[in-house]
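There are 2 protein chains.
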Amino acid sequence: MHIAGSKSPVTLHDVAREAGVSLATASRSLNGSTRTVNQELQERVVKTAARLGYTPNLSAQAVAKGTTMTVALLVADIADPYFSQLAAGIIRAADEAGLIVTMEGTEGNGVRELELVRAMRGQRPKVMILAGSRSSGDPSSEALAEELRAFEATGGRVVFISENALPFDTVLIDNYEGARELAGAMVNLGYRRFAAVAGPSQLVTSCDRLSGFRDGLAEHGLDVPEARIRHAAFTRDGGYHSARALLADEREDIDLIFAVNDVMAVGAMTALRDEGILPGRDVAVAGYDDIPLVRDVTPALTTVRIPLELVGRQALARALQAGGTDAGAPVATEVILRASTPQR
Amino acid sequence: MHIAGSKSPVTLHDVAREAGVSLATASRSLNGSTRTVNQELQERVVKTAARLGYTPNLSAQAVAKGTTMTVALLVADIADPYFSQLAAGIIRAADEAGLIVTMEGTEGNGVRELELVRAMRGQRPKVMILAGSRSSGDPSSEALAEELRAFEATGGRVVFISENALPFDTVLIDNYEGARELAGAMVNLGYRRFAAVAGPSQLVTSCDRLSGFRDGLAEHGLDVPEARIRHAAFTRDGGYHSARALLADEREDIDLIFAVNDVMAVGAMTALRDEGILPGRDVAVAGYDDIPLVRDVTPALTTVRIPLELVGRQALARALQAGGTDAGAPVATEVILRASTPQR
DNA sequence: CGTAGCAGGGAAAGCGGTTACCCGCTTCGG
DNA sequence: CCGAAGCGGGTAACCGCTTTCCCTGCTACG
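As structure tokens, then:
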């Protein structure tokens with residue numbers, strides 16, 4: 000029986016037959032191999048392949064060669080600008096290297112992350128990049144590490160993006176240092192009374208930024224009081240609600256709110272406005288990441304730039320080079336002062 | 000010779016041997032097959048697989064079964080919130096269906112899109128989703144169509160997102176109608192003197208929105224004069240520069256600027272501010288898409304909502320159901336009025 | 001009691017490639 | 001002039017898995 004519109008794709012076999020050569024010759028002609036092929040035959044094969052519309056079956060190649068051209072990317076949330084920029088960098092770099100990237104979202108859930116890593120292993124990717132920030136003390140961490148170790152043992156490469164407690168190659172982002180510098184800059188601008196809108200208290204990225212900021216303040220004999228630190232989801236809405244809560248309890252005397260990432264900062268700014276407080280004039284706001292949109296909010300947001308696209312490229316580059324597990328220098332961050340933190 | 004840390008992964012063969020059963024039985028135990036397997040053997044196999052940390056090689060499965068669990072997604076720009084939301088929806092839905100998605104970015108280039116489609120065919124994906132908006136009159140269109148036709152002929156499914164001239168299954172987004180309604184709403188609010196910030200003039204999505212808007216105005220005897228329509232890149236910067244140019248030439252008497260998408264609108268608002276014009280008070284601005292960030296710009300942006308995440312899910316769902324190429328109803332759009340277009 | 005029918009296990013034939021190996025020719029050094 | 005050493009083509013083994021087909025041992029039924 001023949002189901003309409005379901006004839007199978009052209010195979011290398013077809014090409015070989017049509018070109019009147021052996022399978023081996025066809026294979027050798029269509030991809031660089033160690034062996035050279037007679038110029039004329041080669042051309043014939045290539046022409047035939049083009050005429051027939053042949054595309055090599057990547058899966059078949061993968062199983063034959065025992066290695067794929069895939070890089071598996073795991074992020075917390077694909078729709079978050081932070082991750083989508085990262086992904087853009089990785090995909091571009093992958094593409095230049097002739098690699099294909101598959102993507103999954105963990106929704107910030109450690110257990111799910113573990114499941115996904117397990118599932119992705121099935122693809123036998125060349126590289127696995129994990130960009131969802133980890134929570135410290137996550138019970139699934141050990142299992143994750145083991146799974147990744149097993150993956151590496153079979154020849155895979157794993158690269159983390161941003162700090163984590165696990166012993167794998169990592170593109171470090173200097174969350175602590177960037178926040179420390181930001182704190183210094185804020186003090187220089189004349190701010191003295193701080194509050195913070197942070198992510199979940201176990202989230203490594205959030206913690207690093209928060210402690211960097213506090214330590215930066217401490218250098219000037221300042222601090223952000225415990226009562227003025229709010230923890231919430233690492234999202235725009237988290238920022239919004241944290242800021243609302245903060246204002247409800249501690250309305251007075253806040254100079255500047257530091258949000259541990261830009262989307263939270265943006266949410267916080269809207270929260271301020273909803274309370275009738277003008278961000279930048281009444282209360283300053285600073286964020287972290289420098290996602291593109293923060294130039295366009297009002298006032299434009301002071302933040303710490305991470306070259307996310309570059310980080311993505313670097314993650315892939317690092318995975319691809321023979322190199323070991325030496326973390327290397329963290330990528331440079333840079334404090335970007337904008338209108339949300341005017342000189343006081 | 001043995002290269003350190005490169006032993007190959009556990010294979011089904013290993014599991015079978017270890018469990019003392021045949022390859023066939025092992026295979027049948029680990030994935031539902033038509034054949035039933037003795038309860039006890041089955042358990043033994045499953046346990047052994049778990050103990051050995053076996054993960055089926057997806058490539059091998061693909062070549063054996065002659066079909067993959069992959070969906071290939073092509074977008075214009077991964078970092079653009081429009082596409083990343085779409086992608087998030089697709090990835091989530093895929094994941095629920097046990098599918099894996101691979102992603103590529105066309106950078107809005109038709110030739111590149113064609114190349115990518117060709118390359119992706121190598122993956123033999125079950126579904127291909129094309130979300131980069133097409134340009135009308137693109138010379139590569141015919142070749143693209145042919146490539147996709149060939150793909151469908153070999154059993155693949157292709158789904159486009161948003162209007163296009165190609166004869167494939169499409170999740171329609173009612174760009175025309177949404178813009179028309181928006182225009183009506185703007186007239187009702189009292190606006191009379193319009194300008195538009197549009198994408199490249201061949202870009203189908205941009206055109207549809209623009210003509211919808213103009214037709215909507217026409218119903219009230221209004222229009223946006225040619226001189227007040229600016230075309231630029233479909234990006235934030237495109238919006239920014241268009242708006243600058245517009246203001247330089249046609250400063251007077253503009254009531255409202257319609258930007259054909261939100262990122263352009265946001266860029267335009269910043270351009271206004273840079274010119275000392277207060278968006279919303281001096282000149283109103285409206286966009287299209289309702290990407291999340293537009294609630295947080297000041298003033299919050301009036302726009303037309305597209306349920307992007309849903310559109311993504313729907314695209315996949317449509318690809319998966321046996322259904323033919325009937326386009327079905329376009330997804331509903333909704334005008335969202337916010338502070339950027341106050342009552343006049 | 002004979003036999004048809006049906007589980008359910010295993011051997012083996014693929015799936016679409018790659019590549020080790022073999023083999024007939026040249027080319028060259030000794 | 002002979003043997004070793006490329007060169008370049010084809011044959012076939014193999015990659016990890018699915019699935020067809022065969023075979024055995026039961027049960028059920030006339």
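First to last, the protein sequences are chains A and B.
The numbering of the first sequence is numbering that gives the first Met the number 0, which starts it at 0 and goes up by one.
The numbering of the second sequence is numbering that gives the first Met the number 0, which starts it at 0 and goes up by one.
Backbone N, C-alpha and C define an ideal beta-carbon position, used for all residues, glycine too.
Reference residue i; option with closest CA among the options
| i | options | result |
| --- | --- | --- |
| residue 109 of chain B | B:201, B:7, B:289 | B:201 |
| residue 268 of chain A | B:297, B:263, B:268, B:256 | B:297 |
| residue 148 of chain B | A:313, A:8, A:294 | A:8 |
| residue 286 of chain A | A:104, A:162, A:300 | A:300 |
| residue 271 of chain B | A:262, A:277, A:295, A:264 | A:295 |
| residue 125 of chain A | A:273, A:179, A:99, A:217 | A:99 |
| residue 57 of chain B | A:48, A:52, A:67 | A:67 |
| residue 173 of chain A | A:11, A:333, A:339, A:6 | A:333 |
| residue 240 of chain A | A:265, A:251, A:225 | A:265 |
| residue 316 of chain A | A:93, A:85, A:12, A:21 | A:93 |
| residue 302 of chain B | B:329, B:335, B:278 | B:335 |
DSSP-derived helix/strand/coil call for residue i
| i | result |
| --- | --- |
| residue 20 of chain A | coil |
| residue 2 of chain B | Unreliable positioning characterises residue 2 of chain B in this predicted model, as indicated by a pLDDT of 41, which lies under 50. The coordinate reading is nonetheless provided below. In this structure, residue 2 of chain B counts as coil in the three-state DSSP scheme. |
| residue 278 of chain B | strand |
| residue 158 of chain B | strand |
| residue 269 of chain A | helix |
| residue 68 of chain B | coil |
| residue 47 of chain A | helix |
| residue 283 of chain B | strand |
| residue 9 of chain A | coil |
| residue 99 of chain A | strand |
| residue 126 of chain B | strand |
| residue 223 of chain A | coil |
| residue 80 of chain A | helix |
Under 9 Å by beta carbon: chain B residues contacting residue i
| i | result |
| --- | --- |
| residue 17 of chain A | Within chain B, no residue comes near residue 17 of chain A; the closest Cβ sits about 16 Å away, beyond 9 Å. |
Beta-carbon contacts of residue i that lie in its chain and below 7 Å, excluding the five residues immediately before and after
| i | result |
| --- | --- |
| residue 41 of chain B | 28 |
| residue 36 of chain A | 24, 27, 28 |
| residue 117 of chain A | 146 |
| residue 82 of chain B | 74, 75, 76, 130 |
| residue 113 of chain B | 139, 142, 143, 146 |
| residue 205 of chain B | 197, 198, 199, 233, 259 |
Neighbouring residues, chain B, relative to residue i (Cβ below 8 Å)
| i | result |
| --- | --- |
| residue 22 of chain A | Correct list: empty, because the minimum Cβ distance to chain B is about 15 Å. |
| residue 266 of chain A | 295 |
| residue 87 of chain A | 76, 77, 78, 104 |
| residue 123 of chain A | 8, 56, 57, 58 |
| residue 62 of chain A | 56, 58, 59, 62 |
Beta-bridge partners of residue i, as assigned by DSSP
| i | result |
| --- | --- |
| residue 229 of chain B | B:196 |
| residue 344 of chain B | With chain B covering only 0 through 343, there is no way to say anything about residue 344 of chain B. |
| residue 169 of chain A | A:159 |
| residue 304 of chain A | A:288, A:333 |
| residue 74 of chain B | B:104 |
| residue 255 of chain B | B:193, B:283 |
Nonlocal neighbours in the same chain, by C-beta distance under 6 Å from residue i, ignoring five residues either side
| i | result |
| --- | --- |
| residue 280 of chain A | none |
| residue 170 of chain A | 160, 310, 313, 314 |
| residue 274 of chain A | 246 |
| residue 18 of chain B | 43, 44, 47 |
heavy atom of the ligand SAH below 7 Å from residue i C-beta
| i | result |
| --- | --- |
| residue 34 of chain A | Absence of the ligand SAH from the depicted structure is noted, as is the absence of any ligand whatsoever, leaving it without description. |
Cβ-based neighbour list, residue i, same chain, cut-off 8 Å, excluding 5 preceding and 5 following
| i | result |
| --- | --- |
| residue 254 of chain A | 190, 191, 192, 193, 282, 283, 343 |
| residue 3 of chain B | Residue placement at residue 3 of chain B is flagged as unreliable, the pLDDT there being 47, under the threshold of 50; the coordinate-derived value follows with that caveat. So the list is empty, once near-sequence residues are dropped. |
| residue 119 of chain B | 71, 73, 101, 103, 127 |
Interface residues of chain A facing residue i [CB-CB closer than 8 Å]
| i | result |
| --- | --- |
| residue 263 of chain B | Here the premise fails: no neighbours, minimum Cβ distance about 11 Å. |
| residue 310 of chain B | The premise fails here: residue 310 of chain B is roughly 13 Å from chain A at the closest Cβ pair, so nothing lies under 8 Å. |
| residue 117 of chain B | 54 |
| residue 256 of chain B | The premise fails here: residue 256 of chain B is roughly 15 Å from chain A at the closest Cβ pair, so nothing lies under 8 Å. |
Proximal chain A residues relative to residue i, where beta-carbon distance stays under 7 Å
| i | result |
| --- | --- |
| residue 94 of chain B | 103 |
| residue 100 of chain B | 101, 102 |
| residue 291 of chain B | 235 |
| residue 84 of chain B | 78 |
| residue 243 of chain B | What residue 243 of chain B touches in chain A: nothing, since even the nearest Cβ is about 14 Å away. |
Contact set between residue i and chain B, taken where Cβ atoms lie within less than 7 Å
| i | result |
| --- | --- |
| residue 52 of chain A | 149 |
| residue 67 of chain A | 58 |
| residue 120 of chain A | 54 |
| residue 90 of chain A | 77, 102, 103, 104 |
Per-residue contacts from residue i into chain A (C-beta, under 9 Å)
| i | result |
| --- | --- |
| residue 280 of chain B | Within chain A, no residue comes near residue 280 of chain B; the closest Cβ sits about 12 Å away, beyond 9 Å. |
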